[in-house]
Each structure stands twice: as structure tokens, then as C-alpha cells.
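Order-wise, the sequence lines are chains A and B. Counting in numbering that gives the first Met the number 0, the first sequence runs without a single skipped number right up to 298 at its last residue. Counting in numbering that gives the first Met the number 0, the second sequence runs without a single skipped number right up to 228 at its last residue. Note that beta-carbon positions come from the ideal geometry of N, C-alpha and C, so glycine has one too. These numbers come from a predicted model, not from an experiment.
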Amino acid sequence: MCGIVGLFLKNKSLEPQLGQMLAGMLGTMCERGPDSAGFAVYGSGESGHVKLTLRSASAKTNFAALAGMVEDAIGAPVLVETHATHAVFTVPAELETAAREALAAEDKTVKVVSAGNRMEIYKEVGRPDKVAQRFDLAHMKGSHGIGHTRMATESAVTVDGAHPFSTGRDQCLVHNGSLSNHNALRRKLVRKGMSFETENDTEVAAHYLTWRMEEGETLGQALESSIEDLDGFYTFVVGTESGFGVLRDPIACKHAVLAETDDYVAFGTEYRALAVLPGIEKAKVWEAEPATVYFWERH
Amino acid sequence: MPTIDLDVTSLRDLNQMLHDLGDGANDTDFHVVNPRGKHAIAAGVDAPITIEVDGNVGYYCGGMNKRANIIVNGSAGVGLAENMMSGRIHVKGDASSSAGATGCGGLLVIDGNASGRCGISARGIDIVVKGGVGHMSAFMAQAGSLIVLGDAGDALGDSIYEARLFVRGSVKSLGSDCIEKSLSDLHKQTLRKLLDEAGVGGEVDVSEFKRYGSARKLYHFHMDNLEAY
Chain A
0 MCGIVGLFLK NKSLEPQLGQ MLAGMLGTMC ERGPDSAGFA VYGSGESGHV
50 KLTLRSASAK TNFAALAGMV EDAIGAPVLV ETHATHAVFT VPAELETAAR
100 EALAAEDKTV KVVSAGNRME IYKEVGRPDK VAQRFDLAHM KGSHGIGHTR
150 MATESAVTVD GAHPFSTGRD QCLVHNGSLS NHNALRRKLV RKGMSFETEN
200 DTEVAAHYLT WRMEEGETLG QALESSIEDL DGFYTFVVGT ESGFGVLRDP
250 IACKHAVLAE TDDYVAFGTE YRALAVLPGI EKAKVWEAEP ATVYFWERH
Chain B
0 MPTIDLDVTS LRDLNQMLHD LGDGANDTDF HVVNPRGKHA IAAGVDAPIT
50 IEVDGNVGYY CGGMNKRANI IVNGSAGVGL AENMMSGRIH VKGDASSSAG
100 ATGCGGLLVI DGNASGRCGI SARGIDIVVK GGVGHMSAFM AQAGSLIVLG
150 DAGDALGDSI YEARLFVRGS VKSLGSDCIE KSLSDLHKQT LRKLLDEAGV
200 GGEVDVSEFK RYGSARKLYH FHMDNLEAY
């Protein structure tokens, strides 16, 4: 099972409604993945700065106080935005390493889950609609976003096992399916110097794509490569700072419906997830072809 | 003609009402609006009625249908007309994977394209697709017909039994034990009859079709065929 939703806005005037549209889509996929949920939102970005999304194991973490400590340590202002157990710290890009070190030293219960100029990642165990409410997804703005509802199969129901997975700056991946060669591929990637946080198969796919892109491939090319190197059932939806891509494996038994209008491109594991969008009646709706990379980029 | 608005009436109430209809029911025409991709719309109906749905439907629409005439003014999700027994289902848009899967009878007409595994394990259903069909269509199909006016994807008719496949366009590849066969006058008559029933007029020339079926080499296990299983 598992459900994926994705929304890529072509019409900039809809950006204030991104969160609301994505939350509506995510809510329809509760039945496909009641174990945990997560989403990535590509919001505003300040040049020369990096956004670190932090996740705390405790609901009581005082992120403002933590930001104060980080400010003292790095000697520069830190902008804080708190969403329940998560917070986004915006720090000067050149001080990212110092900020990460300060965070690690100050609070062991807080983890950096993503880094990027524009991307923020939120995930939690629980029913997807409740997770979206907790983080107030409906009020988030941005150009594109990806959400996932998980029914766990390959690893435990934990926040770490929830999607999206991010391994690179402004890059995230969500997955519906199960990979069968993830252990072998993980060993290969570990030998190339990559480190893994979980036993999860999707994390391997995310690292794999990051590795291909580090080798000089575009996201589209990296997805093409994964058709050769990944074995198993998968539908992937990936996000980068400026783009949004979709890939199904050659057997294509994990569902994938796409819709496009002048205003947006949307992805849903089922059409139900797209039915909540404005103008869907007039949209071009189609099923993603097997082993075919779909990719949209903002210019 | 009763109209059922699925924004107001629950899917379960709609299906229960359709299941409760007997042969002598007063209402024989039903109009369903706002389906919004819901699953199992008009599944399990057994009555000589017409159900017209305005919009896109989700999975298993018209599943197990007996005798009813179901029209979808939109596209359909996975498992359309799954295990249909009799009657007619007509989708004006596209259909997702496994359309007509395991169907025993009746006629399924898809105006657009059907995705992968169309007619998988069919057991007597007749399927007419005016567009193309995806990969692994008619996999292990036992009886009935699959007629494709467009192209067919990879591995058409893999491990097929006695279903008849007619494709007007190209076939990307044939599956194990599926071969092209001659198109006799008798086949042309059958084809014409089914196309007429599907509302495809004389503009389509039946001699443009190619027929595919089983080479009958894989019916019984044989060591020499090990690679093909």
C-alpha cells in the first residue's frame, strides 16, 4: 500500500495555497497509509542562507532557546520557525557546519532531518490527516511539495522510517513499493562513503539518487539509471529545489496517476487524491507509463 | 430517473440500494454524480438496469456485474469490471490496469486506452478497447475476446489459453506461447459482431486486424519449456 501525493505549481499566484491543496490531497490517502506521514514543502529561500529542518524526540523542546544557544555559538543570527516537534532554523550558508556542530553539542534529542535553500521536511507517526494538522500544513506556502502516507512493510513504524527521505541538499524522495536489492545496494553505497540512518529500503533509493547526481547526472538521468540498478516494486516521486519527477518500475504494479492543467502538475497514487484539486474536471489526467521518467522543472 | 449524489449519499448506501433491486423494480435507470474517484461504485449489481456515472471512478467499478448496463462518463481506476459475469460496461475515458480481469462474460467497452494487464485471466468476457492496451494484457486469458483498435504493449497474451486476441495496430511484443494466427472469415464475422455491439461502425474494416492466440505448447509441463514458465 502506501500513498503518495505531489503538487508542482506552474501558476505562481497559487503558491500561498500550496499547503492547503497538499493537505487536502494527503488526507484522502489516509486509508493507504495509516502508520505515519510526512511531507516536504519547497517554500521561500533566502540567498546565502540554508534552512535546517530539525526534529525533536520530545514535544517539550524549546526551539527558541536552542536557537539562542546556536546564535551564541556561531556568532550570527538564526531565524526560527517552530511547527510542533519540528523547527526550521535559517542560518548563513557558510556557518552551516558550525550550526550543526553547535546543535549536536547542545541537544542530543534534536536531529537535523533536512537541509536546503528552500526545502523543509516534516514527518511523524500517526494518521496522515492528524500529522498534517499538527504541523499546520494547510498554512504553508511554496512552489511544490510532496507528501507520503506509509503502511510499513520493509521496516518498523518509526519516525525515521517515515517518508520523505532526504539525503542531499533540497532533495527528497518518497516511495510506494518495496525494493528487493536494497541490502546489497546499501553495502555498495557504504563503500562509497555514504552513511545510513535506518534499515529502510527507501533511504537506499534516496542515497542512490544522490550518489548518481554527485557523479554528475541530472535528476532525470539519475532516475533513468535507477531503472537498471534498483530491483523491486516502486513508484518514486522526487523533489529538487526547482523540479519534480515521477518514475514507476517496469512492472508498474504500484499505481500512479498524473494530472496537468495550466496551473499545476499533480501526482496521486489514486485519482481520489487529485479529485480535491481545483479545475481537476478539465485537467489532462493519465496514468504514468512503466519505466518512463516524468520530470517538470521551474524556469 | 433517480439521481444519486455521492457527495450526499454514501457509497455503501448507493451499492446497497442497487443490490436490493429485483427483476420487477420500478426504477430501471440510475444517474450517479460526483463519484470523485471512489472505489467499488456499482459493484456487485445483479439486475437488468442502467447506471450512468458522471465523472471519474476509482477501483473495481462495476466489479462482478451481472446483467446491468453501466456507463461511465469519465475514466476508471484499477480493476474496472473485474470478474464481470454478464451485462455491459462502457467507459468513455481511459481505464487503469487490470480492466476486465477474470471476467466471465458480458461486454466491456473502453473508448480511450486501457493500461497494463487488460483482460488478465479473462474467462469469457469480451473486451473492446478503442485505444491501446498496456503491457501483459490478456495474461493467462482462458476464454473470451480482447479487441484492440490501437496498439498493444509488451508481452501480449503471455501464457494464454483459449482467449482470442484481435489487434489492429502494432504489438510491441508477444508473451510466451502467444503467436499470430490466421484471420478466417469466421473470425471476421465474430469480430464484426462484437464491434457492432460495442458501437464501432463500418468505418473500421475487420480485415485490418491481426489475430493472436495460444501456441498450446505450455498447457502441460514439459522439461524443454522450463525457461518459458
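Cβ of residue i within 9 Å of any chain B Cβ
i	result
Cys252 of chain A	yes
Arg271 of chain A	yes
Glu280 of chain A	yes
Val256 of chain A	yes
Ala274 of chain A	yes
Pro303 of chain A	Nothing about residue 303 of chain A can be reported from this structure: the residues present for chain A run from 0 to 298 only.
Span separating the alpha-carbon of residue i from that of residue j
i	j	result
Ala41 of chain B	Tyr207 of chain A	44 Å
Glu57 of chain A	Ala97 of chain A	Sequence inspection shows Ser at residue 57 of chain A; the Glu mentioned does not correspond to that position. Distance between the alpha carbons of Ser57 of chain A and Ala97 of chain A is about 23 Å.
Arg99 of chain A	Ala83 of chain A	20 Å
Gly198 of chain B	Arg191 of chain B	10 Å
Gly67 of chain A	Val79 of chain A	10 Å
Ala104 of chain A	Lys110 of chain A	11 Å
Asp262 of chain A	Lys9 of chain A	5 Å
Gly176 of chain A	Gly231 of chain A	8 Å
Leu172 of chain A	Ala67 of chain B	44 Å
Ser161 of chain B	Ser120 of chain B	First, the residue type needs correcting, since residue 161 of chain B is Glu and not Ser in the sequence shown. Going by the C-alpha atoms only, they are around 11 Å apart.
Leu217 of chain B	Asp176 of chain B	7 Å
Met71 of chain B	His18 of chain B	Reading off the sequence shown, one finds Val at residue 71 of chain B, where the question assumed Met. Roughly 19 Å between the two C-alpha positions.
Phe165 of chain B	Lys65 of chain B	25 Å
Lys180 of chain B	Val256 of chain A	36 Å
Where residue i falls: helix, strand or coil (DSSP)
i	result
His82 of chain A	strand
Leu188 of chain A	helix
Glu296 of chain A	strand
Tyr160 of chain B	coil
Val236 of chain A	strand
Gly144 of chain A	strand
Phe165 of chain B	strand
Ile73 of chain A	helix
Pro289 of chain A	coil
Tyr59 of chain B	coil
His219 of chain B	coil
Gly23 of chain A	helix
Leu173 of chain B	strand
Chain C within 9 Å of residue i, Cβ atoms only
i	result
Glu286 of chain A	Given the protein chain composition of this structure (A and B), no chain C is represented.
Bounding residues of the beta strand (DSSP E) (the contiguous stretch that carries residue i)
i	result
Ser35 of chain A	Ser35 to Tyr41
Ile226 of chain A	That residue, Ile226 of chain A, is in no beta strand (DSSP E); its alpha helix (DSSP H) goes Leu218 to Asp228.
Gln170 of chain A	Gln170 to Leu178
Lys122 of chain A	Met118 to Val124
With 16 other Cβ atoms within 10 Å as the buried cut-off, status of residue i
i	result
Ala151 of chain B	buried
Thr157 of chain A	exposed
Thr166 of chain A	buried
Glu226 of chain B	exposed
Thr209 of chain A	buried
Thr201 of chain A	buried
His147 of chain A	buried
Asn55 of chain B	buried
Met24 of chain A	buried
Glu280 of chain A	exposed
Ala75 of chain A	exposed
Phe134 of chain A	buried
His174 of chain A	buried
Lys301 of chain A	In the structure displayed, chain A extends from 0 to 298; residue 301 of chain A sits before or after that span and is not available.
Val189 of chain A	exposed
CB contact check: residue i to chain A, cutoff 9 Å
i	result
His38 of chain B	yes
Asp93 of chain B	yes
Tyr160 of chain B	no
Val205 of chain B	no
Ser96 of chain B	yes
Asn55 of chain B	yes
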